[in-house]
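Worksheet: the structure to be examined is printed underneath.
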């Protein structure tokens, strides 16, 4: 999609910020292929899920950096990963993922603010000095949203698990009564 938009606009397909996005896309596809190939050989899925979530969080942080860091609109992607972790790993997975996402997001913003890293998207535009930009608001809002999403998704996943257990037990009881 990015390539089509760039070709229609007459822009180069090899701009640095686009190369980052292309590389990230290839990386995500390669990781997905690796996951598919490894899945049948695994006996215990919990460590695999933890590694997959950690790699997904790193990919999301890279996407944020590639699309502007502080100015990126993709911070919500962390919430999607938190929901996945909450469904697969319940309370501890959801809250741990929210913590790692908050640390990654906050670190990325602070490193960009202090000029230690520069987003490829903002490097090509007019250089904006982020030293005067207050970062407390986006960090607090996004960190709060990460934890709220983790709590809500974990609660719903736990409720679903309990409902399934209750339903299975009731089906066993009905089978016993019919016999």
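Residue numbers (this note's numbering): 1476 to 1654.
Built from N, CA and C at the ideal position, the CB exists for glycine as well.
This structure is a prediction, so every number in the text was calculated from the model and none was measured.
| Query | Result |
| --- | --- |
| Could you check whether residue 1584 and residue 1623 sit closer than 7 Å to each other, using their CB atoms as the reference points? | no |
| Which residue's Cα is closest to the Cα of residue 1625: 1525, 1640, 1553? | 1553 |
| Which one of 1516, 1531, 1635, 1490 has the shortest CA to CA distance from residue 1505? | 1531 |
| In whole angstroms, what separates the C-alpha of residue 1655 from that of residue 1556? | Outside the shown range of the chain, which is 1476 to 1654, sits residue 1655, and nothing can be said about it. |
| Return the chain-ordered list of same chain residues with a C-beta closer than 7 Å to the C-beta of residue 1538, the five sequence neighbours on each side being excluded. | 1499, 1549, 1552 |
| With residue 1524 as the anchor, note down where its alpha helix (DSSP H) starts and where it stops. | 1520 to 1541 |
| Nearest-angstrom Cα distance between residue 1652 and residue 1644? | 12 Å |
| Thinking just about the alpha-carbon of each residue, which of 1595, 1617, 1519 is nearest to the one in residue 1582? | 1617 |
| Can you give me the C-alpha to C-alpha distance between residue 1664 and residue 1507, rounded to a whole angstrom? | With the chain covering 1476 to 1654 only, the question about residue 1664 has no answer from this structure. |
| Distance, Cα to Cα, residue 1639 vs residue 1489? | 51 Å |
| Taking the CB atoms as reference points, tell me whether residue 1621 and residue 1577 lie closer together than 7 Å. | yes |
| According to DSSP, is residue 1589 helix, strand or coil? | coil |
| Please report the residue range of the alpha helix (DSSP H) in which residue 1615 lies. | 1611 to 1653 |
| Return the chain-ordered list of same chain residues with a C-beta closer than 7 Å to the C-beta of residue 1601, the five sequence neighbours on each side being excluded. | Note that residue 1601 scores 47 on pLDDT, short of 50, meaning its location in the model is unreliable; the coordinates nonetheless yield the value given after this. Around residue 1601: no qualifying Cβ. |
| Roughly how many angstroms lie between the CA atoms of residue 1496 and residue 1594, to the nearest whole one? | 12 Å |
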